[in-house]
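Here is the structure:
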């Protein structure tokens, strides 16, 4: 009686049953300023109210339906679809870079984006909803773009004969504007939706926050973290070369990208017709 006014009145004329058991639906609206639905449900279960009610009333059982069921169904589908999407991204990047290791470095930006999405929800005071999770799936395909642009420029510089660390330095300076413009346009395009106060658009705000905050946070770490990861990877390659050949080589000599132009020249030479001398 501390949370509701109880009165007796005539009930519904129909009784709903599921598997022969009478069904009673209990719904409520949560004050988002004081708690969220997940906290309330966890308190009802872990606090002992529902388990105690089941002990007091034999034959009583409960289940969470409605939005909770929709969330469970969505998460079960994402548990299968999200790894498949990540694997597809890896295959595409590996085909582009002609490497099985550099795509792993690119995939490191995905957790950065997810961390940024969580920080964005925390900063703006929004709860993580099902639309936020959908936004995280979309974010995984967006945050890798900056890393692809940066690493591709590094590989091009190495193929042109530049020293390894100079290639990284020049790639960061050359692609800085492109990376920042991509982030600014993405965040700026989503900002009107994030600031929208219309009730019909409120359910889309968490998805917009996820993408905008994730891209912004991942961009900053991409410009700092990806060059460091490339340097670490180069050290492991040099160490592997020393273990097999017992000689130290320069950093750029163990990079597969150094052979990119050579492979293209050989391929072009094999395709072009060769002159044949015919004598009498």
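Residue numbers (my numbering): 504 to 783. All C-beta atoms, glycine included, are put in the ideal place defined by N, C-alpha and C.
Assuming residue i and residue j form a contact by the criterion Cβ under 8 Å, report the distance between their Cβ atoms to the nearest whole angstrom.
| i | j | result |
| --- | --- | --- |
| residue 710 | residue 634 | 4 Å |
| residue 661 | residue 761 | 5 Å |
| residue 654 | residue 718 | Actually they do not touch by this definition, with Cβ atoms about 18 Å apart. |
| residue 721 | residue 646 | 4 Å |
| residue 642 | residue 620 | 6 Å |
| residue 713 | residue 612 | Contact doesn't hold; Cβ gap of about 15 Å is too wide. |
| residue 657 | residue 682 | Not quite, the Cβ-Cβ distance comes to about 13 Å (not below 8 Å), so this is no contact. |
| residue 539 | residue 630 | 5 Å |
| residue 737 | residue 752 | That pair is no contact at about 11 Å. |
| residue 675 | residue 730 | 6 Å |
| residue 704 | residue 636 | No, residue 704 and residue 636 are not in contact; Cβ-Cβ is about 18 Å, not under 8 Å. |
| residue 696 | residue 707 | 6 Å |
| residue 689 | residue 715 | 7 Å |
| residue 733 | residue 671 | 6 Å |
| residue 754 | residue 668 | 7 Å |
| residue 644 | residue 592 | 6 Å |
| residue 557 | residue 566 | Residue 557 to residue 566, Cβ: 12 Å. No contact. |
| residue 602 | residue 759 | 6 Å |
Can you name the start and end residues of the alpha helix (DSSP H) that residue i belongs to?
| i | result |
| --- | --- |
| residue 640 | 633-645 |
| residue 590 | 570-600 |
| residue 713 | 708-748 |
| residue 545 | 540-549 |
| residue 559 | 552-559 |
| residue 698 | No alpha helix (DSSP H) contains residue 698, which DSSP labels as neither H nor E. |
| residue 608 | 605-610 |
Name the DSSP beta bridge partners of residue i, please?
| i | result |
| --- | --- |
| residue 521 | 524 |
Quick one: is residue i buried, meaning 16 or more other Cβ sit within 10 Å of its Cβ, or exposed?
| i | result |
| --- | --- |
| residue 600 | buried |
| residue 650 | buried |
| residue 639 | buried |
| residue 512 | exposed |
| residue 686 | buried |
| residue 623 | buried |
| residue 692 | exposed |
| residue 702 | exposed |
| residue 746 | exposed |
| residue 632 | buried |
| residue 679 | exposed |
| residue 552 | exposed |
| residue 604 | exposed |
| residue 596 | buried |
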